[in-house]
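**Student:** First to last, the sequence lines map onto chains B and L.
Sequential numbering from 1 applies to the first sequence in our numbering.
Sequential numbering from 1001 applies to the second sequence in our numbering.
The C-beta atom is built at its ideal place from N, Cα and C for all residues, glycine as well.
A single structure is presented below for examination.
2 protein chains.
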Amino acid sequence: MTVDADRAVARKAQIFEAAAAVFARLGYHHARMDDVVRAAGVSKGGLYWYFRSKEELATGLVHQMLAHEAEAMRAVMTAGAPAADRLRMVVRAFARELAQNPDRAPLALELLALGRTIPEIRTCFDAHHEQFVEHLAVLLAQLGGPDSPAPGPRARTAALAVAAMIDGMVLRWTLARSPFDLEDALWAAVQVLLRGLRETGPR
Amino acid sequence: MTVDADRAVARKAQIFEAAAAVFARLGYHHARMDDVVRAAGVSKGGLYWYFRSKEELATGLVHQMLAHEAEAMRAVMTAGAPAADRLRMVVRAFARELAQNPDRAPLALELLALGRTIPEIRTCFDAHHEQFVEHLAVLLAQLGGPDSPAPGPRARTAALAVAAMIDGMVLRWTLARSPFDLEDALWAAVQVLLRGLRETGPR
DNA sequence: TCGACACGACCGACCAGTCAGTCGAGTGAG
DNA sequence: CTCACTCGACTGACTGGTCGGTCGTGTCGA
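Structure (structure tokens):
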């Protein structure tokens, strides 16, 4: 294939980083390819050597971001720790990630909305969400305690609720004028949800 | 001001309706003003008589949609029914609204994302969210039962969680490839949340 | 007759994408 | 060793289509 594939990978990464920053600052539609070019320290032609179009750049960026997140999730899932602790780690990972670069959340929101126009982005988010719920369901089933949701459909329903809770709280945090402590609020809410989930008898 | 203010209001409403449909179908950025013009049965000049720019049209649309929703919320709040029933009504209103026109949710998501570029939209959503949480807090405090969250900060925190739950579930529903029954899932999740909220002793 | 309202052809800024060309690292025949 | 040639990577000035917005011109009710 390429003589030096590593170079290509590095170049792509460099462009992704620049694109993320530019898209985060200006928003996808207002960002000019020339802006990305400038930020990445590449030429216009160089950019188009690696990406066929602006949409492909955005799609690639989504892939990269979600892959990164999936990687983190997989790491948590395979960590040798009690399920309760691993759940806590998931929440903390979200909060830390967003606290460190607050631009990420609005960027993700915009890319998500972009899914309406670019089907592949939608598909990508879709698959990612599906897998996230799947992971959560496993985690919840492993929680232990006699009344933790049983594996199977019940755990999946519970996982959907937890996932929605996380999404919603992150969304609120993203949009809030006076940002609250995301980790605290998120963890508290998830705990409340779990408490409600226990004690759930038939139906 | 206008000789016939009613006519102007009607015209605006007609344009809003068309704009909502076009934006929902094509997405804000892909939608051409000419598309809106065609859909609304107005001329370009007519459209620009009422809206100074595309952004102002979008902003107006956001105002109108949120005002409509706020209206519905106020109606629920002042309804003469037990708090539990009113909460149920809120959930049902969401589910029905979205079931009736499934295009609304993605449209709202896109407009929300547009808030990154158009500050007034962001402000508008912000105020709306704030008020929504406020209403929910009142509702939760009125829920009755000895352990319903007390009015004040505690109710507000609880309300934030409930609001996030609703947002998140709607988001999941919006993006899900195989849409589930939103009303069921939402109500179940809210109930779980409330159950967890009860029994919450000090801290 | 007047002015609010409506019309739609037209303008021109803007920007994604192109393309003709440069550069430097291989390759291999003589 | 070297010269002629290939090829992948990269450059940046340029273009052509696309729309948001304008403007000169009606129309019609009061």
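Apart from the five residues just before and just after L/Q1142, which ones in its own chain have a Cβ nearer than 7 Å to its Cβ?
**Tutor:** Position 142 of the second sequence, counting from 1, holds the residue named residue 1142 of chain L. Here the set comprises A1083.
**Student:** Judging by CA-CA distance, which residue of B/A158, B/G115, B/E69, B/A8 is the nearest neighbour of B/Y50?
**Tutor:** The residue given as residue 50 of chain B occupies position 50 in the first sequence. Nearest C-alpha to B/Y50: B/A8.
**Student:** Could you tell me whether the Cβ atoms of B/A163 and B/V133 are closer together than 8 Å?
**Tutor:** Your numbering for residue 163 of chain B matches position 163 in the first sequence. Your numbering for residue 133 of chain B matches position 133 in the first sequence. Yes, Cβ-Cβ distance for B/A163 and B/V133 is below 8 Å.
**Student:** Would you tell me roughly how many angstroms separate the C-alpha atoms of B/Q191 and L/T1117, rounded to the nearest one?
**Tutor:** Stepping through the first sequence from its first residue, residue 191 of chain B is reached at position 191. Stepping through the second sequence from its first residue, residue 1117 of chain L is reached at position 117. B/Q191 and L/T1117: Cα-Cα distance of roughly 35 Å.
**Student:** Which of the residues in the region 1053-1074 of chain L, read from start to end, lie with their CB under 7 Å from any CB of chain B?
**Tutor:** Within the region 1053-1074 of chain L, no residue qualifies.
**Student:** Is B/V76 close to chain L? Criterion is C-beta to C-beta, closer than 8 Å.
**Tutor:** Residue mapping note: residue 76 of chain B aligns to position 76 of the first sequence, counting from 1. With 8 Å as the cut-off, B/V76 does not count as an interface residue toward chain L.
**Student:** Reducing DSSP to helix, strand and coil, say where L/Y1050 ends up.
**Tutor:** Stepping through the second sequence from its first residue, residue 1050 of chain L is reached at position 50. Helix.
**Student:** Going by DSSP in three states, B/G60 sits in which element: helix, strand or coil?
**Tutor:** The residue labelled residue 60 of chain B in the question sits at position 60 within the first sequence. Three-state DSSP puts B/G60 in a helix.
**Student:** Which first and last residues belong to the alpha helix (DSSP H) in which L/D1103 is found?
**Tutor:** By 1-based counting over the second sequence, the position of residue 1103 of chain L is 103. First-last for L/D1103: undefined, no H or E at that position.
**Student:** Does the beta-carbon distance from B/D167 to L/R1025 come in below 8 Å?
**Tutor:** Along the first sequence, one-based indexing puts residue 167 of chain B at 167. Along the second sequence, one-based indexing puts residue 1025 of chain L at 25. No, they are not a contact pair.
**Student:** So which residues of chain L does B/I166 contact, with C-beta pairs closer than 9 Å?
**Tutor:** Locating residue 166 of chain B in the first sequence gives position 166, counting from the first residue. Ordered by position in chain L, the residues that pass the 9 Å Cβ test against B/I166 are A1164, G1168.
**Student:** Evaluate contact between the region 1093-1101 of chain L and the region 1177-1192 of chain L, counting only Cβ atoms and requiring at least three cross-stretch pairs below 8 Å.
**Tutor:** With the cut-off at 8 Å, the region 1093-1101 of chain L and the region 1177-1192 of chain L touch.
**Student:** List the endpoints of the continuous alpha helix (DSSP H) containing L/T1174.
**Tutor:** Indexing the second sequence from 1 puts residue 1174 of chain L at position 174. 1153-1175 is the span of the alpha helix (DSSP H), which, as asked, contains L/T1174.
**Student:** Do L/A1072 and L/A1093 have their C-beta atoms closer together than 8 Å?
**Tutor:** By 1-based counting over the second sequence, the position of residue 1072 of chain L is 72. By 1-based counting over the second sequence, the position of residue 1093 of chain L is 93. Yes, they are a contact pair.
**Student:** May I ask you to verify whether the region 1037-1048 of chain L touches the region 121-128 of chain B, counting CB pairs closer than 8 Å and requiring at least 3?
**Tutor:** Touching, no.
**Student:** Beta-carbon separation of L/M1065 and L/V1076 under 8 Å?
**Tutor:** Counting from one through the second sequence, the residue named residue 1065 of chain L turns up at place 65. Counting from one through the second sequence, the residue named residue 1076 of chain L turns up at place 76. No; because the gap between Cβ atoms is not below 8 Å, this pair is not in contact.
**Student:** Please state whether DSSP places B/H128 in a helix, a strand or coil.
**Tutor:** Looking up residue 128 of chain B in the first sequence gives position 128. Helix, per DSSP.
**Student:** Less than 8 Å between CB atoms is the rule here; does L/E1110 satisfy it with respect to chain B?
**Tutor:** Numbered from 1 along the second sequence, position 110 holds the residue referred to as residue 1110 of chain L. By this cut-off, L/E1110 is an interface position.
**Student:** Assuming B/G27 and B/E110 are in contact, meaning their beta carbons sit under 8 Å apart, how far apart are those beta carbons, in whole angstroms?
**Tutor:** Mapped onto the first sequence, residue 27 of chain B falls at position 27. Mapped onto the first sequence, residue 110 of chain B falls at position 110. Indeed, because the Cβ distance is near 6 Å, the residues count as touching under 8 Å.
**Student:** Let me know if B/R86 comes out buried or exposed under the rule of 16 or more other beta-carbons within 10 Å of its beta-carbon.
**Tutor:** Here residue 86 of chain B corresponds to residue number 86 of the first sequence, with the count starting at 1. Buried: at least 16 other Cβ atoms inside 10 Å.
**Student:** Please name the residue, chosen from B/H29, B/D103, B/V170, B/P119, that lies closest to B/H63 on a Cα-to-Cα basis.
**Tutor:** Taking the first residue of the first sequence as position 1, residue 63 of chain B is located at position 63. B/H63 has its Cα closest to that of B/P119, out of B/H29, B/D103, B/V170, B/P119.
**Student:** For B/R32 and B/K44, I'd like the C-alpha separation in whole angstroms.
**Tutor:** Against the first sequence, residue 32 of chain B aligns to sequence position 32. Against the first sequence, residue 44 of chain B aligns to sequence position 44. Computed Cα separation, rounded: 11 Å.
**Student:** L/A1185 CB to nearest chain B CB: under 8 Å?
**Tutor:** For the purposes of this step, residue 1185 of chain L is taken as residue 185 along the second sequence, with counting starting at 1. At least one chain B Cβ lies under 8 Å of L/A1185.
**Student:** Smallest Cα separation from B/S53: which of B/L175, B/A70, B/D34?
**Tutor:** Taking the first residue of the first sequence as 1, we reach residue 53 of chain B at position 53. Minimum Cα distance to B/S53 is reached at B/D34.
**Student:** Given that L/A1189 touches chain B, what residues does it touch there, using C-beta distances under 7 Å?
**Tutor:** By 1-based counting over the second sequence, the position of residue 1189 of chain L is 189. Within 7 Å Cβ-Cβ: A161, A164.
**Student:** How close, in whole Å, do the beta carbons of L/L1114 and B/L193 come, if the pair is a contact with beta carbons under 8 Å?
**Tutor:** Indexing the second sequence from 1 puts residue 1114 of chain L at position 114. Indexing the first sequence from 1 puts residue 193 of chain B at position 193. With a Cβ gap of about 31 Å, L/L1114 and B/L193 do not count as contacting.
**Student:** Please tell me whether B/G196 and L/G1152 are closer than 8 Å, where the distance is taken between their beta carbons.
**Tutor:** The count along the first sequence starts at 1 and reaches residue 196 of chain B at position 196. The count along the second sequence starts at 1 and reaches residue 1152 of chain L at position 152. Taking 8 Å as the Cβ cut-off, B/G196 and L/G1152 do not qualify as a contacting pair.
**Student:** Out of L/A1176, L/A1105, L/A1021, point me to the one whose CA is closest to B/L160's CA.
**Tutor:** If you number the first sequence from 1, residue 160 of chain B lands on position 160. Considering only alpha carbons, the answer is L/A1176.
**Student:** Give the residues of chain B in contact with L/D1126, contact being defined as C-beta atoms less than 8 Å apart.
**Tutor:** Locating residue 1126 of chain L in the second sequence gives position 126, counting from the first residue. Within 8 Å Cβ-Cβ: L175, A176, R177.
**Student:** Just reading off the alpha helix (DSSP H) that B/F180 is part of, what are its end residues?
**Tutor:** Translated into the one-based positions of the first sequence, residue 180 of chain B becomes position 180. First-last for B/F180: undefined, no H or E at that position.
**Student:** Within this structure, are the beta carbons of B/L107 and B/A20 separated by less than 8 Å?
**Tutor:** Here residue 107 of chain B is taken as the residue at index 107 of the first sequence, counted from 1. Here residue 20 of chain B is taken as the residue at index 20 of the first sequence, counted from 1. Yes; because the gap between Cβ atoms is below 8 Å, this pair is in contact.
**Student:** Measuring only the C-alpha atoms, how far is L/V1091 from L/A1158?
**Tutor:** Sequence index remark: in the second sequence, residue 1091 of chain L carries index 91 (1-based). Sequence index remark: in the second sequence, residue 1158 of chain L carries index 158 (1-based). So the two alpha carbons sit approximately 16 Å from each other.
**Student:** Return no unless some Cβ of chain L is closer than 8 Å to the Cβ of B/R116.
**Tutor:** As a first step, residue 116 of chain B is located in the first sequence; it is residue number 116 there, counting from the start. B/R116 counts as touching chain L.
**Student:** Taking the straight line between their C-alpha atoms, what separation do you get for L/E1017 and L/H1068?
**Tutor:** Counting from 1 along the second sequence, the entry for residue 1017 of chain L is found at position 17. Counting from 1 along the second sequence, the entry for residue 1068 of chain L is found at position 68. Taking the straight line joining both Cα atoms gives about 13 Å.
**Student:** Between which two residues does the alpha helix (DSSP H) harbouring L/A1018 extend?
**Tutor:** Working through the second sequence from its first residue, we reach residue 1018 of chain L at position 18. Residues 1005-1026.
**Student:** Keeping to the same chain, check which residues put their C-beta closer than 7 Å to that of B/L112; ignore five residues upstream and five downstream.
**Tutor:** Counting from 1 along the first sequence, the entry for residue 112 of chain B is found at position 112. Only F125 meet the Cβ criterion.
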